[in-house]
Amino acid sequence: MAFDYGTRQIGVAVGQTLTGSAEPLTNLRARDGVPDWDQVGKLIREWEPNVLVVGLPLNMDGSASDMSERAARFARRLNGRFQLPVETVDERLSTFEAKQHLKSQGRTPSSYRDDPVDSLAAALLLQTWLSSQSKETP
Numbered sequence: 001m002a003f004d005y006g007t008r009q010i011g012v013a014v015g016q017t018l019t020g021s022a023e024p025l026t027n028l029r030a031r032d033g034v035p036d037w038d039q040v041g042k043l044i045r046e047w048e049p050n051v052l053v054v055g056l057p058l059n060m061d062g063s064a065s066d067m068s069e070r071a072a073r074f075a076r077r078l079n080g081r082f083q084l085p086v087e088t089v090d091e092r093l094s095t096f097e098a099k100q101h102l103k104s105q106g107r108t109p110s111s112y113r114d115d116p117v118d119s120l121a122a123a124l125l126l127q128t129w130l131s132s133q134s135k136e137t138p
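With the UniProt record's numbering, you'll find the sequence shown wraps up at 138, consecutive numbering, no jumps.
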């Protein structure tokens, strides 16, 4: 299960290592970066993931940003609350890539407010993580 962390929305996606595929699941509302932890817990109980993946929004030069610090704190809280392994993945450009994907399907930027791209961004970062796992396994 992957999370695209944001201060107002947190995108959630699910995937599986067997097929190496990921798909958007839902967008959770957040208040200043804090989700409804009961909702997060419900998703984790329902999907029973083996690992949680959190996107780390680094600067283009690879350095940490204020937002990446907040995402890292969110990752630590996930681990502390749910006692599951949490990994972070570089998510530079995942939201941009998600918007480009939707634009190619005829979506306009004004539609992102009503139908956010965060869960698609989470699926893209989970896909990146899954791909890196298959390369590490002989």
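We put the CB at the ideal spot given by N, CA and C, even for glycine.
- DSSP places ASP4 in the strand class (E or B) of the three-state scheme.
- Per DSSP, reduced to three states, the secondary structure at ASP90 is strand.
- Under the DSSP assignment, GLY80 falls in the alpha helix (DSSP H) whose first and last residues are 66-82.
- For GLU46, the enclosing alpha helix (DSSP H) has its first and last residue at 37-47.
- Counting C-beta atoms within 10 angstroms of its own C-beta, ASN50 has fewer than 16 neighbours from the protein chains shown and is therefore classed as exposed.
- Within the same chain, Cβ atoms closer than 8 Å to the Cβ of ASP32 are found at THR7, the five residues on either side in sequence being excluded.
- In the three-state reduction of the DSSP assignment, SER119 falls in the helix class, which pools H, G and I.
- The alpha carbon of ARG29 has as its nearest neighbour, out of GLY20, SER21, GLN39, the alpha carbon of GLN39.
- With respect to the C-alpha of GLN9, the residue from MET1, VAL34, THR17, ALA2 having the closest C-alpha is VAL34.
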